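Novice: Dumping the structure here so I can ask a few things about it.
4 protein chains.
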Amino acid sequence: MKNTFGNSVSLTLFGESHGEYTGAVIDGLAPGITVDEKYIANRLSLRRPSGKTGTKRIEKDNFRIISGVFRGKTTGTPLCVIIPNENVKSEDYARESIIPRPGHADYTANCKYHGFEDYRGSGHFSGRLTAPLVAAGAIMQYALENKGIYIGTHIARCAKINDRPFKNINEDIKTLGKKKFAVLDEAKSKKMQEAIILAAKDGDSVGGILETAVTGIPAGTGEPWFDTMESMLSHALFSIPAVKGVQFGNAFKNVDLPGSKYNDEFAVSAGSIITRTNHNGGINGGITNGMPVIFSCAVKPTPSIFKQQNSVDLTEMENTVIQTSGRHDPAVIHRARAVVDAVTALVICDMLALRYGTDFLGE
Amino acid sequence: MKNTFGNSVSLTLFGESHGEYTGAVIDGLAPGITVDEKYIANRLSLRRPSGKTGTKRIEKDNFRIISGVFRGKTTGTPLCVIIPNENVKSEDYARESIIPRPGHADYTANCKYHGFEDYRGSGHFSGRLTAPLVAAGAIMQYALENKGIYIGTHIARCAKINDRPFKNINEDIKTLGKKKFAVLDEAKSKKMQEAIILAAKDGDSVGGILETAVTGIPAGTGEPWFDTMESMLSHALFSIPAVKGVQFGNAFKNVDLPGSKYNDEFAVSAGSIITRTNHNGGINGGITNGMPVIFSCAVKPTPSIFKQQNSVDLTEMENTVIQTSGRHDPAVIHRARAVVDAVTALVICDMLALRYGTDFLGE
Amino acid sequence: MKNTFGNSVSLTLFGESHGEYTGAVIDGLAPGITVDEKYIANRLSLRRPSGKTGTKRIEKDNFRIISGVFRGKTTGTPLCVIIPNENVKSEDYARESIIPRPGHADYTANCKYHGFEDYRGSGHFSGRLTAPLVAAGAIMQYALENKGIYIGTHIARCAKINDRPFKNINEDIKTLGKKKFAVLDEAKSKKMQEAIILAAKDGDSVGGILETAVTGIPAGTGEPWFDTMESMLSHALFSIPAVKGVQFGNAFKNVDLPGSKYNDEFAVSAGSIITRTNHNGGINGGITNGMPVIFSCAVKPTPSIFKQQNSVDLTEMENTVIQTSGRHDPAVIHRARAVVDAVTALVICDMLALRYGTDFLGE
Amino acid sequence: MKNTFGNSVSLTLFGESHGEYTGAVIDGLAPGITVDEKYIANRLSLRRPSGKTGTKRIEKDNFRIISGVFRGKTTGTPLCVIIPNENVKSEDYARESIIPRPGHADYTANCKYHGFEDYRGSGHFSGRLTAPLVAAGAIMQYALENKGIYIGTHIARCAKINDRPFKNINEDIKTLGKKKFAVLDEAKSKKMQEAIILAAKDGDSVGGILETAVTGIPAGTGEPWFDTMESMLSHALFSIPAVKGVQFGNAFKNVDLPGSKYNDEFAVSAGSIITRTNHNGGINGGITNGMPVIFSCAVKPTPSIFKQQNSVDLTEMENTVIQTSGRHDPAVIHRARAVVDAVTALVICDMLALRYGTDFLGE
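Protein chains in written order, with this note's numbering: chain A, 1 to 363; chain B, 1 to 363; chain C, 1 to 363; chain D, 1 to 363.
Spelled out as structure tokens, the structure:
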């Protein structure tokens, strides 16, 4: 279904970097969900670049909800949110030659769309499209919080610097909701930001790892085959530009453990079933077990750099070099965390609506 | 869509470990694809346990294609393959108490299906269901090979031992197709197998990392949002029991690189566009760039071990211990590789049929 | 999704007329639904030809449920039912020439599948595939009855003879469940059967109109756009071979009424909202209003006749004639009613599961 | 998928009658389709009310394409078209009592959305939403015409008056494209319009039957089960407000024919296969046979009338009467024809893209 994700609750994304609007349509949301515009604005602010670690193209993200909300609550019919592209420098000229930027979608878009793609500012592939995604996700994240389900993401690693792991998860999530640069350990946060600024000075960029925790998902959510909780989350997460890896519960490292250590033993705790460790990231057999769902995303360094790179001239089919300039992020990882939260909210809403029906998230 | 995956080409999986049959229905396959039963049998043999590294439950996998094939070729209508469960030890007794095995789906299945699940031998969650998946995948893999698209998976790491990386990929893939234990470096293969036997003796199990390469996918395949090539592959891969992580091009390690190193620069080579490195695993912006698609899966150690473990009695809601016995694998990674190849074939067929139409894979 | 229908509850159909089995997979059924094999056998008997009004190919329909049921109840995982093709006269010869039968799918199948189709006995297009559809539908119909939702279909018109309309709908539905030839007025039933026998003697066939009533669907089920209750029902109904028209509440005749007569006025009755007439067939704006859902299907005369007809030789691309012989139905309308009930049950289950969640139909 | 229709090409609809915009997103359109804004404007004008036969709420339909088009051609990424609701009389008051209008969705929307629905001017159920549907459909209809596929709809019956049937179909389609009141026989057109005006004077409304022809669809398009051409068309058509019946090739009348008359015999004509009659409406076994696809829709009389009607007060749960006033159509059938054409174009594009791939409709 291409630019749509989800079954019971679905989201359709549209727009280009230099178009009039980017936008998203959410369908299947329960009627009667409160839509808190301040909450949305805050989530958008967490995605927006700021200070020295971000691009100089800063947009106000004046989102407008043009359908599906009536008197502050969802109606149950499709909700469309649009965000104008306010800060567009017009570049509506014909390309004399097509020299794709390494690491970007320029070349693959050209293969797929045969030159008809809107190539300006990466077009439909632009990170700009994550703005309506975050706005839409915020509506769902707010609804989930009302049901006791919390989502939070921190920068677990950036420029080889590690943040501390999650401790008291719900408290950590609350803290992260207020941080523009989502690192739990303030000393590490400072170091990471310095490393980003250093990379920027060098015309280079850095990547890292985002770690996400979700608490409060009822045990028993997910499907055994194909629509496992891991499958649905990874499907959505790999749509985020720059995400190149997804693991649950630190899997790539922990596969070195023997089964006797990796297995999460059960215990009764305060009348509930818990596991004594959480190497499986809260999911067994594709289905949640009631423990926090924990996963992390590998976020590649921003492909936009200011160093000369080898490329090709697609028109002439010959080698050449490319030197980009303009407004770019030396890192996107601190902005991507808001996008990770948004798509996670979408997946959880979809899975819960499938299980409990279309009214579940309403009042 | 739960137990169905795919849009233009789709697969539906059914069956339980102790039922009469497991099976799969493939829909959307082009008419006129040759169905080579020897090829299917070989792929099934690569999945089947053998020797000292596997479970003692060995099935002949006498698959039968009961629809969709006429005179050795696909008709274009749904192809159903079923495999009898021949070696079932009957355990059709009522559970007196439910004590879920750590790391297994026993507990989550109980939460989801309220006790109606067929719990015998993990029921619908059993690795047995990967047999029809491999049989179905083999039909698609064969069709892809006829179009010059090759898929191969090796055990890149097992019990902390690393295989050598892919070198000449198409040749390596050919080699892997003949190996029961899919390791490229024979010395490492021996060491891994020894480690598995050692773990088995200790009543324990090991995991590892599978690395897959796909060559020959035309550049321009995949969608920018939601149905990116990474999204579709990871969706299918995370359905495989024990897969807990998916990364493209060694992402979790390479996020430490600066953008100037991570970016894959372009070059013209023999009239084609290639990239000089392949950190992006053959995919930019969710769309293939014509380079080999490279990804790896973290495969957790088999949860079935013979050590006593802490668990809970769900009926009494109290702590207890569990000591499993019977037929089990000390490792599944060497068998899982055939499953990884199968679901990869499914995803590629689906994406190509979407792009080129339903006749694409036929003759 | 081709041979699959449904979102929250879905059904996949496979098989060919002369293959080993036909079958269906239902996915998304709630765990804990009682599977009553006698009920299924009865529904299959209503579809089976009998006496002088049906084909001489009579099969026992020895259905087998090979997955998804454990101790007489659904597990919540995919349920696969297969039915062997017992009475197959082998015709596995190469066609020397392809002369499509008028009104059949021979020609269109050839256009679509390029000659790879299994043409024997109409292959995948055969009415035989409605057997597993009826078996699967019976499981869902039984579950719906346990929730107070009843489905019944009568032959409203056949060979220009009209049955009486529904009166006491639930009672009529009960009566129809016991009738092999589903006509409410016995005198009309006799006349219709005579007309069918007469047509058979003449080597000809007859069609008619099936009218269906569904009671007990909660008001508020259906979607405003695209997945309206009418859309979902008609989508499924038009899959049934020979159905060429679907109308809700006698629409094709009643469009002649003025709005003041067509509108169904509301009233309060015993604490519930009812409508005083039911021209809208229980659906407003695509959503059920709590009144019986009433629709009818135009069923074309069976295309299999024993008269010589004009056709073409596709190999030679020249005009020719065709004279068919063998086992055929002079009418299928009395058998199709069981298929209409089955797909109706599927649609209702799917829509209710979407609305109320995946556990809704269970115990 | 609720407010989304289609698989390979899909359309998502959003908006409410009194919201800021209504809109549609088309996804899966080939890159390189010319977007002719005049053509779109013309199709919108055919849907717009005018003269004495329509509502007095006339909107300019100033559609804006805000994504997916670059330099006059589709990019291949989602195309979003929005239309402002310009002529909205604000009614943003709390309902003191809820008295549903007979024949409308007021009551069912209330059952489904629990009072959170935007009830103003029928909200999401309003005929206003057909404006973006027509705009989006126009883009697809234009693309189809470039491939030699033509769609046209006439009012076959209105207020008991019959138009002449299609004769030279392609010529008739061309004629209809220019007519605001789509009747082929001018004398009948005049009579129908007089009948509509008469009904309006009486505060009443009329309905009728729309007949549609589609020429040029390649033989072999459609699926045998569930996604038959009839299923897909009817699914989309029944989404149109007021459509209560769909038949192919005049089925409800022709079921009275014997099979020997109903069957469409084949012939070779100018090197192609044709049928000598077309009772099957160009479809056999759910798949097109190359003949014109012919179907008709029963369009109920507009439920908005100016006569007093019985209804209920939902708050008090007691009988009452309702007398509506304001802007309304005494008939919608002449406007609905543009909507029928639009959804038909959507279905055909979707089915062709599935068959021939995502580039098929491009240049």
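Cβ coordinates follow ideal geometry from the N, Cα and C atoms, glycine included. A quick note: this is a predicted structure, and the numbers were derived from the prediction, not measured.
1) Compute the Euclidean distance between the alpha carbons of residue 50 of chain A and residue 17 of chain A, then round it to the nearest angstrom.
2) Between residue 45 of chain A and chain B, is any beta-carbon pair separated by less than 7 Å?
3) DSSP state of residue 235 of chain A, grouped into three classes?
4) Restricting to runs no shorter than 4 residues, where is the alpha helix (DSSP H) found entirely within the stretch 98-186 of chain C?
5) Quick one: grab the DSSP three-state call for residue 282 of chain B.
6) Excluding the 5 residues preceding and the 5 following residue 30 of chain B in the sequence, name in chain order all residues of the same chain whose CB lies nearer than 8 Å to its CB.
7) Taking the alpha helix (DSSP H) that residue 215 of chain A falls in, what are its first and last residues?
8) Closer than 7 Å between beta carbons: that is the criterion. Which residues of the stretch 18-50 of chain D meet it against chain A?
9) Buried or exposed, going by whether 16 or more other CB atoms sit within 10 Å of the CB of residue 347 of chain D?
10) Counting along the chain, where does the alpha helix (DSSP H) carrying residue 202 of chain A start and finish?
11) Leaving out the 5 sequence neighbours to the left and right, which residues in its chain are closer than 8 Å to residue 156 of chain B when beta-carbon positions are compared?
12) So what's residue 308 of chain D in DSSP terms, helix, strand or just coil?
13) Please identify the residue among B:140, B:260, B:272, B:234 whose C-alpha is closest to the C-alpha of residue 9 of chain B.
14) Have a look at C:39, C:43, C:7, C:42 and flag the residue whose alpha-carbon is nearest the alpha-carbon of residue 26 of chain C.
15) Given 8 Å as the limit, is there contact between the stretch 113-124 of chain C and the stretch 330-339 of chain C, that is, 3 or more CB pairs closer than that?
16) Check whether the stretch 265-280 of chain B touches the stretch 233-243 of chain B, taking contact to mean three or more Cβ pairs, one atom from each stretch, closer than 8 Å.
17) How would you label residue 315 of chain B, buried or exposed, when you count the other beta carbons within 10 angstroms and need 16 or more for buried?
18) Between the stretch 100-112 of chain D and the stretch 103-118 of chain A, do three or more beta carbon pairs fall short of 8 Å?
19) Comparing C-alpha positions only, which one of C:293, C:158, C:130, C:38 sits nearest to residue 151 of chain C?
20) Have a look at residue 312 of chain C and residue 148 of chain B and give me their C-alpha separation to the nearest angstrom.
21) Nearest chain D C-beta to residue 357 of chain B closer than 7 Å, yes or no?
22) Kindly indicate if chain A contains any beta-carbon less than 7 Å away from that of residue 78 of chain D.
23) Short check: CB of residue 339 of chain C to CB of residue 214 of chain C, under 7 Å?
24) What residues of chain A sit near residue 12 of chain D, judged by a beta carbon separation below 8 Å?
25) Smallest Cα separation from residue 277 of chain B: which of B:323, B:285, B:254?
26) If we count Cβ pairs, one from each stretch, closer than 8 Å, do we get three or more for the stretch 216-229 of chain A versus the stretch 282-293 of chain A?
27) Show which residues of chain A have a CB atom less than 8 Å away from the CB atom of residue 335 of chain B.
28) Quick one: which chain B residues come within Cβ less than 7 Å of residue 220 of chain A?
29) Please state whether the Cβ-Cβ distance between residue 229 of chain A and residue 169 of chain A is less than 7 Å.
30) Please report the distance separating the alpha-carbon of residue 63 of chain C from that of residue 22 of chain C.
31) List, from N- to C-terminal side, the beta strand (DSSP E) runs of 3 residues or more that fit wholly inside the stretch 236-300 of chain C.
32) Flag residue 70 of chain A as yes if its beta-carbon sits less than 7 Å from any beta-carbon of chain D, otherwise no.
33) Could one say the Cβ of residue 192 of chain D lies closer than 7 Å to chain C's Cβ atoms, at least one of them?
34) Reducing DSSP to helix, strand and coil, say where residue 314 of chain C ends up.
35) Determine the closest residue to residue 15 of chain B out of C:60, C:5, C:79, with distance taken between C-alpha atoms.
36) 7 Å is my cut-off, CB to CB: does residue 269 of chain D come that close to chain C?
Specialist: Taking the geometry as given:
1) Distance from the CA of residue 50 of chain A to the CA of residue 17 of chain A, rounded to the nearest whole angstrom, comes to 19 Å.
2) With respect to chain B, the C-beta atom of residue 45 of chain A has no partner C-beta closer than 7 Å.
3) Reduced to three states, the DSSP call for residue 235 of chain A is helix.
4) You should have 106-113, 130-146, 169-176.
5) Residue state, collapsed to three classes: coil.
6) Taking C-beta separations shorter than 8 Å and ignoring five residues to either side along the sequence, the partners of residue 30 of chain B in its chain run 74, 76, 143, 353, 358, 359, 360, 361, 362, following chain order.
7) Segment 208-215 is the beta strand (DSSP E) holding residue 215 of chain A; no alpha helix (DSSP H) there.
8) Residues 19, 20, 21, 23, 25, 27, 28, 31, 32.
9) Classification of residue 347 of chain D: buried, given that the 10 Å Cβ count is 16 or more.
10) For residue 202 of chain A, no alpha helix (DSSP H) segment is defined, and its DSSP state is neither H nor E.
11) Counting only Cβ-Cβ distances below 8 Å, and skipping sequence neighbours, we find 162, 163, 165, 208, 209, 210, 211, 296.
12) If DSSP states are grouped into helix, strand and coil, residue 308 of chain D belongs with coil.
13) The shortest C-alpha separation from residue 9 of chain B is found at B:140.
14) Here the closest residue by C-alpha is C:7.
15) Touching, no, given that fewer than three Cβ pairs across the two stretches are closer than 8 Å.
16) Short answer: they don't touch.
17) By the 16-neighbour rule on beta-carbons within 10 angstroms, residue 315 of chain B is exposed.
18) Touching, no.
19) Closest by alpha carbon: C:293.
20) When only Cα atoms are considered, residue 312 of chain C and residue 148 of chain B end up about 39 Å apart.
21) For residue 357 of chain B, the closest Cβ of chain D is nearer than 7 Å.
22) Yes, residue 78 of chain D counts as interfacial toward chain A.
23) Contact flag unset, no.
24) For residue 12 of chain D, the C-beta contacts it makes with chain A under 8 Å involve 4, 12, 25, 27, 78, in order along the chain.
25) For residue 277 of chain B, the nearest C-alpha among the options comes from B:254.
26) Three or more beta-carbon pairs separated by less than 8 Å link the stretch 216-229 of chain A to the stretch 282-293 of chain A, which places the two stretches in contact.
27) Below the 8 Å Cβ cutoff, chain A contributes no neighbours of residue 335 of chain B, its closest Cβ being approximately 15 Å away.
28) For residue 220 of chain A, the C-beta contacts it makes with chain B under 7 Å involve 108, 111, 112, in order along the chain.
29) No, Cβ-Cβ distance for residue 229 of chain A and residue 169 of chain A is not below 7 Å.
30) In a straight line, the C-alpha of residue 63 of chain C is about 10 Å away from that of residue 22 of chain C.
31) Unbroken beta strand (DSSP E) runs of no fewer than 3 residues, entirely contained in the stretch 236-300 of chain C, are found at 243-248, 266-269, 272-275, 293-299, following chain order.
32) Taking 7 Å as the threshold, the shortest C-beta distance from residue 70 of chain A to chain D falls below it.
33) Residue 192 of chain D does not count as touching chain C.
34) Of the three classes helix, strand and coil, the one that applies to residue 314 of chain C here is coil, per DSSP.
35) That would be C:79, whose Cα lies nearest to the Cα of residue 15 of chain B.
36) Residue 269 of chain D does not count as touching chain C.
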